[in-house]
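Under my numbering, think of the first position of the sequence shown as 33, with each following residue one higher. Ideal Cβ placement from N, Cα and C applies to all residues, glycine included. Every value quoted in this text rests on a predicted model; they were computed, and no experiment measured them. Since the structure comes first, as structure tokens, the remarks are kept for the end.
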Amino acid sequence: MSRRVRRRVLTRGKEKLDYSEIDESLSLDDRGVLDWTRLPDDTVIQLFSCLNYRDRASLSSTCRTWRTLGKSPCLWQALDLRFHKCDPASASSLVSRCENLHKLRFRGPDSVDAIINLQAKNLREISGDSCRKMTDATLSVLAARHESLECLMIGPDFCERISSDALKAVAICCPKLRKLRLSGMHEVDADAINALAKHCPKLTDIGFIDCRKVDETALGNVASVRFLSVAGTTHMKWHLISQHWSKLRDLVALDVSRTDITPTIISRFFSSSISLKVLCALNCPLLDTDPTYLSNKNHKGKVLLAFTTDILKGVSALFADTPMTSKTNCFLDWRNTKVKDGRTDEQPPGLDSFWLNQGTSLLLTFMQSPQEEVQERAATALATFVVIDDENACIDTGRAEAVMRDGGIRLLLDIARSWRDGLQSEAAKAIANLSVNANVAKAVADEGGINVLVNLVSSVNRMVAEEAAGGLWNLSVGDDHKGTIAEAGAVKALVDIIYKWSRSGGGDGVLERAAGALANLAADDGCSREVASAGGVQALVMLARTYKVEGVQEQAARALANLAAHGDSNTNNAAVGQEAGALEALLQLTRSTHDGVRQEAAGALWNLSFDDRNREAIAAAGGVEALVSLAQSCSGSSHGLQERAAGALWGLSVSETNSIAIGQEGGVAPLIALARSDAEDVHETAAGALWNLAFNPGNALRIVEEGGVPDLVHLCSSSVSKMARFMSALALAYMFDGRLDEIAVVGTSTESGSKSVNLDGFRRMAMKHIEAFLLTFSDPQAFAAAAASSAPTALTQITEAARIQEAGHLRCSGAEIGRFVLMLRNPSPILKGCAAFALLQI
């Protein structure tokens, strides 16, 4: 028997009053705890209605009463499976709940078998997306098993494998059909359309979107149609259409967006169709380029919706006696939004103006609809239209800031707080995309968006977690919000979802975004400590070792590189190097075919090599061979990869043993090639590596033999980088300090065979340019004045003028300083000056 709230009647004078009486057993106990099992059934069901489908299904594992209530028909009238794994096993667990299921949404044709297994014979509405591989057989069986179907929508992906034969099967099997939307069919022939006209007398809403060919004449036979869309459909014979469709006495709305319709045909529709009230013609080139027609407001009382017309005003005119939210609901449901057509990657002329003038307001109005599906579509449209280049995370600043100015951030965050997975996912995606803009990111943070995303990132729904992690990734770019993100508990949440989704399939997107967010956070010293303490090092190394998806590998390596970049301020560098398998995994990633993966792995190894133990461990793990191979293979790659490849060799070459090994492995030639790069970062880093290598006479001879002297001379005299000039001068100084003469006389370089070299000529060239480099930092008049006054201030000014600011980051070892001191004893005044200049920089 259901527990109900009892009612008691009170008397006040002659007036009877009733009030609710709650069973005393429902009051709080001494600990302030309420016994939920004693709540009225209606209350429990209302609470359950706020749960997602996964949690509702999980109620069976609680108690018998809740298991029974969890199967209440009112909780299972609609089911959205787009964001859940849908297979026969999961379907069988839902069968007992789906007897009264009316509405179902799914993603992918593989879900259809599971849908059939639900045995939801009373299903009235089916909506599927990502169904490009759906076949005639699949659609026919779907229709045959659901004879009560009133609405069937498959798209926006092209349904190229669905033919008119399947459409005829739908018409025969589903006589109660009221709405039909299909996208991307090759051909919709007359037989299929006539079958719909014959067997589906209640069919009022038809959409053949992005189809290659539709029989225009046959569509004129569907007398019941009120809303018709042929958006994006090609090969339309407009002269036949205006003749036959004008006979459709109930046709109220027509969508011809993205077609080659002409102003003349539109005028004919307006003149000949008595019932037509609105014609939607967004992105119709022949119409948009006809200023004469667009300026003509005489549309016979009909409403034309185009980029250059006032859409909100037009919709308001259609529903003059209807509240604004209902107006937009009706319009969006019929139009199905531009984003659902799946063609948003095509940026039509005039879209910018449309977006800034009315598109933003239109979509934000939709987001305030009481219908959740309308809210979701509007959020999807916002997420899509602000993006210019998805590959490079580039968005349109004007569009993004228009959303912010009109209050869109708060609306999106409100939607993101919904219990519905679809709303959460699309709102989080929109927030993530908009947050690429720094001003919008600030607005998101100010409105409490970071906490919202941190809550969503722990969702059991993969798509929700993925989009929320993407939002944190974008918000963590730069230094403005890193601290706030960490304080909100994001670090632990991100580490947790890496472990969670690495154990289950299909979580690649979540892992890439989570690792990307951790990589951004790890660039901050304080946040990097938190990442390490939360187990981030182990999680990221696990991804680098075991995952084969390039996006995941790249972000995991980048995160490890950033964690290792704080060697002077925390112990993360050593911790990463000591984590089992970390160095081996990074070295393996340098052999990837993906430049981004190789670049981040090399960057991580470069940073790790600043630690003495890591440096030797990298070499012991085969680092010399791997990094020399990387340098040899990256000549045609990005400057970022070239810089990091040279940098990793530079880091390893600090050890003289490694320096010799690099030379013997063939590392000199690729470093000389990189030193020839026009990119400052590349040739500067290559010069640093050659500087370390040049101290060894064997390597010095290899540099000479490989033609490296002219390249170092060029850098010493011409690079815009003071550091590149400085390190080139040091490399030349080491090469020609006299030690090279000893091995050159013997005859040489055993690995490569002796090449004929003119050491005297190269020495003179080197000394000339070393001296010229030193003179650029000297001012004879200032020296003379300082010598005359002996004032400390004057001497300080001279030394400061001779310093290279960036040289302070070199962190020269004791052995390196010893080399400079030794060079002070060299008989060459130029080399003595070079040594003194180097010691001044330390």
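Taking a cut-off of 8 Å on C-beta distances, the stretch 204-215 touches the stretch 226-241, as three or more cross pairs fall below it. Residue environment for R796: exposed (fewer than 16 other C-beta atoms within 10 angstroms of its C-beta). Annotation note: the stretch 159-228 contains the following uninterrupted alpha helix (DSSP H) runs of length 4 or greater, listed N- to C-terminal: 168-176, 196-205. Between the stretch 76-90 and the stretch 132-139, the count of C-beta pairs closer than 8 Å stays below three; the two stretches do not touch. Checking the DSSP bridge columns, you'll see K245 partnered with E219. Spanning the alpha carbons of P317 and R258 requires a straight line of approximately 26 Å. Take the alpha-carbon of A847 and the one of V700: they are about 22 Å apart. Distance between V476 and S172, taken at the CA atoms: about 46 Å.
The beta carbon of L806 is closer than 8 Å to those of A761, I862, G865, C866, F869 in its chain, skipping five residues each way along the sequence. By the neighbour-count criterion, in which 16 or more other beta carbons inside 10 Å mark a residue as buried, L684 falls on the buried side. The Cβ atoms of R177 and I148 lie closer than 8 Å to each other.
With a cutoff of 8 Å on beta-carbon distance, C183 and R210 are scored as near each other.
Here the alpha carbon of R409 sits roughly 53 Å from the alpha carbon of L703.
In the three-state reduction of the DSSP assignment, F138 falls in the strand class.
Looking from the CA of N389, the closest CA among G264, F339, E423 belongs to F339. Put simply, the stretch 488-507 touches the stretch 545-555. At least three CB pairs are less than 8 Å apart.
With a beta-carbon spacing of about 14 Å, S490 and I517 fall beyond the 8 Å limit used to define contacts.
If you draw a straight line from the Cα of C163 to the Cα of L572, it is about 35 Å long. Under the three-state reduction of DSSP, F809 is assigned to coil, being neither helix nor strand. In the structure shown, A285 falls within a strand segment according to DSSP collapsed to helix, strand and coil.
Below 8 Å, enough C-beta pairs join the stretch 254-269 and the stretch 278-285 to call them touching: three or more. Ranked by Cα distance from S81, the first of G454, Q109, L871 is Q109. Scanning L396, S845, A146, H218 for the CA closest to the CA of D643 turns up S845.
Scanning its chain for C-beta atoms nearer than 6 Å, with the 5 sequence neighbours on each side dropped, one finds around E562 the residues A518, V523, in chain order.
Taking the C-beta atoms as reference points, R577 is found nearer than 8 Å to G613.
Contact check for D453 and N483: beta-carbon distance about 19 Å, past the 8 Å limit, so the pair fails to qualify.
By the neighbour-count definition (other C-beta atoms within 10 Å, threshold 16), I849 is an exposed residue. Taken in chain order, the whole alpha helix (DSSP H) runs of length 4 or more contained in the stretch 386-462 are 392-399, 404-417, 429-437, 440-448. Nearest to D438 by C-alpha distance, out of R449, L414, A425, is L414. Beta-carbon to beta-carbon, A593 and E632 are separated by about 6 Å, close enough to satisfy the 8 Å threshold. Counted as a single uninterrupted DSSP element, the alpha helix (DSSP H) harbouring C748 occupies residues 740-750. Contact check for K334 against V310 passes: the beta carbons are separated by less than 8 Å. Here the alpha carbon of E479 sits roughly 40 Å from the alpha carbon of L214.
In the three-state DSSP reduction, V144 falls in the helix class (H, G or I). As for any beta strand (DSSP E) of minimum length 3 sitting wholly inside the stretch 495-535, there is none.
In the structure shown, D112 adopts extended strand secondary structure according to DSSP, grouped into three states.
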